[in-house]
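Structure record follows, encoded as structure tokens.
Here it is in structure tokens:
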């Protein structure tokens, strides 16, 4: 996108912007033009006669570094550092740590601690249900003995079986498990269990002639209209067995789908709605018919084609052009693009009247170099 006029940000910030990257100076620069040279990684600005680096006088040149190379191996440490007036280190001295630096005042303090001999076998390896029950330690905290015992069934039961618990870290006794299963069985008995569809026209599966294996709570959905015993049922109705092995209509509950009468749709009620014709869409006055994507697309296309204007501007000398569009409104969209590259460009646009706009640029465009498109 090209800007053919100045961009006034009205004192707002230009965020996340980068200078134009070029390998060499651009030709025909204007005063104040800046860019980033990718060859020497320097920013340049044109002052009207030459390219300048606006940052060259503020770049700090650090003095050449000279390695001090102090040897700091073993017990050697830094003893002192010397700096110049700029705060740079110019010299360093080292020294060797002594026992006194570490807080030792004599040979006794310097003795290393000797741990008692380890690896003493205190008894045979523990096997089976034998576990350690007690450990004996001396004043230094070293283990000098231990006692053992055999685990009992009560130890395991107290740790694992807990009929009062309801979590993943315990288990129940067999009596507790059986009680829970019995409770679940009593709750499931008689519950609604969906079996499948029922074709009332063909009695498939057989529910009213010689039914077999049907239990209380078995539920079927009617898929085709017909007679169920002496009752007329329709697709969508539901049949629920009230007893095991039902043998009559009285043993079943028939739930009708009960779909209400469908009404015309409105702004307050759901219902059936009619599709509007293209003429009704174009008129735009109907409040009870629906618009389809096809009729809407046709209406918009017709509206755009009937409210648009295009013209070419540019003569190589003028920078302002009055364009008469005759659309009869100031509420119009104006777009300008390069007639050669087809790229949208930014210009100043003034709406002079309901039939005319003015296009302004900074540099005179060539003859018919710009294309102006106006839509109402």
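Residue numbers (the working numbering): 12 to 387. Yeah, the Cβ is synthetic: ideal placement off N, Cα and C, and Gly gets one too.
Taking the alpha carbon of residue i as the reference point, which residue from the options has its own alpha carbon closest?
i: residue 8; options: 160, 257 and 152; result: Since the first residue shown for the chain is 12 and the last is 387, residue 8 is missing from the structure and cannot be characterised.
i: residue 308; options: 49, 247, 293 and 340; result: 293
i: residue 369; options: 233, 208, 360 and 44; result: 360
i: residue 351; options: 49, 379, 50 and 15; result: 379
i: residue 40; options: 102, 362, 63 and 187; result: 63
i: residue 235; options: 225, 224, 223 and 213; result: 213
i: residue 337; options: 325, 343 and 367; result: 367
i: residue 262; options: 246, 44, 86 and 242; result: 242
i: residue 251; options: 244, 259, 266 and 258; result: 266
i: residue 91; options: 85, 101, 49 and 84; result: 101
i: residue 474; options: 87, 387, 135 and 362; result: Here the chain covers residues 12 to 387 and nothing more, so residue 474 does not appear.
i: residue 158; options: 135, 150 and 151; result: 135
i: residue 392; options: 295, 343 and 174; result: As displayed, the chain neither begins before 12 nor continues past 387, which places residue 392 out of reach and without an answer.
i: residue 229; options: 356, 341 and 207; result: 207
i: residue 283; options: 301, 291, 268 and 347; result: 301
i: residue 225; options: 215, 237 and 257; result: 257
i: residue 29; options: 66, 54 and 223; result: 54
i: residue 107; options: 115, 99, 89 and 97; result: 89
i: residue 341; options: 311, 387 and 355; result: 387
i: residue 163; options: 354, 364 and 140; result: 140
i: residue 277; options: 184, 98 and 297; result: 297
i: residue 66; options: 83, 45, 156 and 84; result: 45
i: residue 333; options: 339, 22 and 362; result: 362
Per DSSP, which residues does residue i bridge with? Please list them.
i: residue 349; result: 381
i: residue 14; result: 357
i: residue 3; result: For the chain, the structure presents residues 12 to 387; residue 3 sits outside this window and is missing.
i: residue 55; result: 46
i: residue 319; result: 386
i: residue 344; result: 386
Helix, strand or coil for residue i per DSSP?
i: residue 49; result: coil
i: residue 70; result: Residue placement at residue 70 is poorly supported in this model, since its pLDDT is 49, which falls under 50; the coordinates are not used for a value here.
i: residue 305; result: helix
i: residue 32; result: strand
i: residue 284; result: coil
i: residue 158; result: strand
i: residue 310; result: helix
i: residue 195; result: helix
i: residue 188; result: helix
i: residue 260; result: helix
i: residue 278; result: coil
i: residue 172; result: strand
i: residue 213; result: coil
i: residue 230; result: strand
i: residue 62; result: strand
i: residue 387; result: coil
i: residue 111; result: coil
i: residue 223; result: coil
i: residue 324; result: strand
i: residue 182; result: strand
Within the continuous alpha helix (DSSP H) that includes residue i, where are the two ends?
i: residue 367; result: Segment 367–371 is the beta strand (DSSP E) holding residue 367; no alpha helix (DSSP H) there.
i: residue 93; result: Residue 93 -> not in any alpha helix (DSSP H); beta strand (DSSP E) instead, spanning 87–94.
If I follow the unbroken beta strand (DSSP E) through residue i, where does it start and stop?
i: residue 145; result: 141–148
i: residue 210; result: 204–210
i: residue 290; result: That residue, residue 290, is in no beta strand (DSSP E); its alpha helix (DSSP H) goes 289–294.
i: residue 263; result: 263–266
i: residue 237; result: 237–239
i: residue 251; result: 249–252
i: residue 104; result: 100–107
i: residue 299; result: Run containing residue 299: none; DSSP gives neither H nor E here.
i: residue 136; result: Neither: residue 136 is in no beta strand (DSSP E) and is coded neither H nor E.
i: residue 244; result: 242–244
Cβ atoms of residue j and residue i: under 8 Å apart, would you say?
i: residue 10; j: residue 227; result: Given that the chain is displayed from residue 12 to residue 387, the structure contains no residue 10 and the question cannot be resolved.
i: residue 306; j: residue 319; result: no
i: residue 219; j: residue 205; result: no
i: residue 382; j: residue 330; result: no
i: residue 328; j: residue 375; result: yes
i: residue 32; j: residue 47; result: yes
i: residue 154; j: residue 142; result: no
i: residue 232; j: residue 209; result: yes
i: residue 384; j: residue 346; result: yes
i: residue 15; j: residue 373; result: yes
i: residue 38; j: residue 50; result: no
i: residue 211; j: residue 244; result: yes
i: residue 388; j: residue 326; result: In the structure as shown, the chain starts at 12 and stops at 387, and residue 388 therefore has no counterpart that could be examined.
i: residue 268; j: residue 248; result: yes
i: residue 58; j: residue 42; result: yes
i: residue 184; j: residue 195; result: no
Hey, is residue i close to the ligand SAH, as in C-beta under 7 Å from one of its heavy atoms?
i: residue 334; result: What this structure holds is no ligand at all, so the ligand SAH is not there to describe.
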